[in-house]
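So the structure is just underneath, and the comments pick up after that.
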Amino acid sequence: MLRVKNLNVYYGGIHALRGINIEVQEGQIVSIIGSNGAGKSTLLNAISGMVKPKEGIITYKGKELPKTPHKIVDLGICQVPEGRLIFANLTVKDNLMMGAYLRNDKKKINEDLEKVYQLFPRLQERINQMAGTLSGGEQQMLAMGRGLMGNPDLILLDEPSLGLAPLLVKTIFEIIEDIKKMNKTILLVEQNAYKALSVADTAYVLEQGIIKKEGDAQEILQDKSILEAYLGKTH
Numbered sequence: 003m004l005r006v007k008n009l010n011v012y013y014g015g016i017h018a019l020r021g022i023n024i025e026v027q028e029g030q031i032v033s034i035i036g037s038n039g040a041g042k043s044t045l046l047n048a049i050s051g052m053v054k055p056k057e058g059i060i061t062y063k064g065k066e067l068p069k070t071p072h073k074i075v076d077l078g079i080c081q082v083p084e085g086r087l088i089f090a091n092l093t094v095k096d097n098l099m100m101g102a103y104l105r106n107d108k109k110k111i112n113e114d115l116e117k118v119y120q121l122f123p124r125l126q127e128r129i130n131q132m133a134g135t136l137s138g139g140e141q142q143m144l145a146m147g148r149g150l151m152g153n154p155d156l157i158l159l160d161e162p163s164l165g166l167a168p169l170l171v172k173t174i175f176e177i178i179e180d181i182k183k184m185n186k187t188i189l190l191v192e193q194n195a196y197k198a199l200s201v202a203d204t205a206y207v208l209e210q211g212i213i214k215k216e217g218d219a220q221e222i223l224q225d226k227s228i229l230e231a232y233l234g235k236t237h
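In the working numbering, the protein residues as written are 3 to 237.
Here it is, written out as structure tokens:
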């Protein structure tokens with residue numbers, strides 16, 4: 003579905019991504035794990051058109067991706083950014099409708115809104131509340147719901163559990179699995195390596211802009227060196 007080939011990204015003199023090759027198959031959850039500053043968010047930003055690569059090709063459903071973010075969204079790719087970036091001065095409902103900005107299929111938009119409320123009942127309870135007054139967990143749910151309102155086939159999820167209490171982290175990952183069941187494909191960037199590997203089909207380990215390991219997520223979860231490096235334990 004998505005293929006990234008020989009991707010190189012620079013920030014000034016810093017070589018942030020070095021010859022990255024990844025593949026995302028339709029219907030999968032693919033996790034990118036790595037420490038802070040490894041280049042995980044840069045990779046998602048390059049796919050969504052927010053960062054311009056110096057080299058490399060990104061193809062989606064067999065065709066090279068356009069360079070402009072709104073055209074990429076139009077193709078069915080949506081990014082739920084790190085830090086949520088919700089519209090604090092708009093209501094919950096207005097935030098969700100912003101996710102459907104490029105759509106004009108009113109009936110389907112309303113159907114998708116109902117699906118989002120089923121997935122996130124808390125958002126329906128706070129439908130007219132200003133988004134800036136929501137808790138961190140609710141804001142994360144809102145950011146994910148807004149992404150779903152674009153009716154994407156591929157969702158780029160950037161650090162969805164960042165800054166959340168353990169109980170909410172559990173909830174967010176359960177919702178990620180529910181989203182997969184809605185026939186969505188997910189590329190997940192996440193510092194919580196254990197959770198990210200637990201829900202993923204395939205995983206990549208990114209270190210200092212280089213893919214150090216790739217393969218079946220459950221196999222990587224059993225890898226002693228990965229456990230020591232990212233999970234703080236040896237077994």
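We put the beta carbon where it would ideally sit given N, CA and C, even for glycine. None of these values were measured; they are calculated from a predicted model.
Within this structure, are the beta carbons of N97 and L144 separated by less than 7 Å? Residue 97 sits at position 95 when you count from the first residue of the sequence shown. Residue 144 sits at position 142 when you count from the first residue of the sequence shown. Their beta carbons are under 7 Å apart, which means N97 touches L144 by this criterion.
Given a threshold of 16 other Cβ atoms within 10 Å of its Cβ, counted over all protein chains shown, does K172 qualify as buried or as exposed? Here residue 172 is taken as the residue at index 170 of the sequence shown, counted from 1. The residue is exposed, with fewer than 16 neighbouring Cβ atoms inside 10 Å.
Entirely within the segment 95-122 and at least 4 residues each: give me those alpha helix (DSSP H) ranges in chain order. 108-121
With 16 other CB atoms within 10 Å as the buried threshold, where does K186 fall? Reading the sequence shown from its first residue, position 184 is the one you call residue 186. It is buried - the Cβ of K186 has at least 16 other Cβ atoms within 10 Å.
For L170 versus G134, is the C-beta spacing smaller than 7 Å? For this step, residue 170 is matched to residue 168 along the sequence shown. For this step, residue 134 is matched to residue 132 along the sequence shown. Not in contact: L170 and G134 (Cβ atoms no closer than 7 Å).
Please report how far the alpha carbon of G217 lies from the alpha carbon of I177, in whole angstroms. Position 215 of the sequence shown, counted from the first residue, corresponds to residue 217. Position 175 of the sequence shown, counted from the first residue, corresponds to residue 177. Whole-angstrom Cα-Cα distance: 24 Å.
For the candidate residues V201, Q224, A205 and I174, whose alpha-carbon lies nearest to that of F122? What you label residue 122 is simply residue 120 of the sequence shown in a count that begins at 1. Checked all of V201, Q224, A205 and I174; the closest Cα to F122 is I174.
Look at the alpha carbon of A102 and the alpha carbon of K7, and state the distance between them as a whole number of angstroms. Numbered from 1 along the sequence shown, position 100 holds the residue referred to as residue 102. Numbered from 1 along the sequence shown, position 5 holds the residue referred to as residue 7. A102 and K7: Cα-Cα distance of roughly 30 Å.
Starting from Y232, follow its DSSP beta bridges and name the residues at the other end. Here residue 232 corresponds to residue number 230 of the sequence shown, with the count starting at 1. Beta-bridge pairing links Y232 to no other residue.
Reference Y62, options L45, F89 and E28, closest by Cα: Taking the sequence shown and counting its residues from 1, the one referred to as residue 62 is at position 60. Checked all of L45, F89 and E28; the closest Cα to Y62 is E28.
Nearest to Q210 by alpha carbon, out of I34, Q141 and G85? For the purposes of this step, residue 210 is taken as residue 208 along the sequence shown, with counting starting at 1. When each option's Cα is compared against that of Q210, the closest is I34.
Taking S43 as the reference, which of E57, D76 and Q81 has the closest Cα? Here residue 43 refers to the residue found at position 41 of the sequence shown. It is Q81 whose Cα lies nearest to the Cα of S43.
For the alpha helix (DSSP H) that R5 lies in, which residues bound it at each end? As a working mapping, residue 5 is identified with position 3 in the sequence shown. Where R5 is concerned, there is no enclosing alpha helix (DSSP H), although the beta strand (DSSP E) it sits in stretches over L4 to Y13.
Which of helix, strand or coil does DSSP assign to I88? Mapped onto the sequence shown, residue 88 falls at position 86. Residue state, collapsed to three classes: coil.
Kindly give me the distance between the Cβ atoms of L19 and L46, rounded to whole angstroms, as I take these residues to be in contact under 8 Å. Position 17 of the sequence shown, counted from the start, is the residue given in the question as residue 19. Position 44 of the sequence shown, counted from the start, is the residue given in the question as residue 46. That belief does not hold up - the Cβ atoms of L19 and L46 are roughly 11 Å apart, past 8 Å.
Alpha-carbon spacing of K110 relative to A231, whole angstroms: Numbered from 1 along the sequence shown, position 108 holds the residue referred to as residue 110. Numbered from 1 along the sequence shown, position 229 holds the residue referred to as residue 231. Taking the straight line from one Cα to the other gives about 45 Å.
Where do the N-terminal and C-terminal ends of the alpha helix (DSSP H) with I222 fall, by residue? As a position in the sequence shown, residue 222 is number 220, starting the count at 1. Following the DSSP letters along the chain, one finds I222 inside the alpha helix (DSSP H) bounded by residues A219 to L223.
Supposed contact pair G147 and L166 - C-beta distance, whole angstroms, cut 8 Å: The count along the sequence shown starts at 1 and reaches residue 166 at position 164. The count along the sequence shown starts at 1 and reaches residue 147 at position 145. So it is not a contact: roughly 16 Å between Cβ atoms.
Could you please give the first and the last residue of the uninterrupted alpha helix (DSSP H) stretch that includes T44? Taking the sequence shown and counting its residues from 1, the one referred to as residue 44 is at position 42. Start and end: K42 to I49.
Excluding the five sequence neighbours on either side, which residues of its own chain have a C-beta within less than 7 Å of the C-beta of A219, listed in chain order? Your numbering for residue 219 matches position 217 in the sequence shown. Once the five neighbours on either side are set aside, the close Cβ partners of A219 are S33, L199, A202, D203, T204 and A205.
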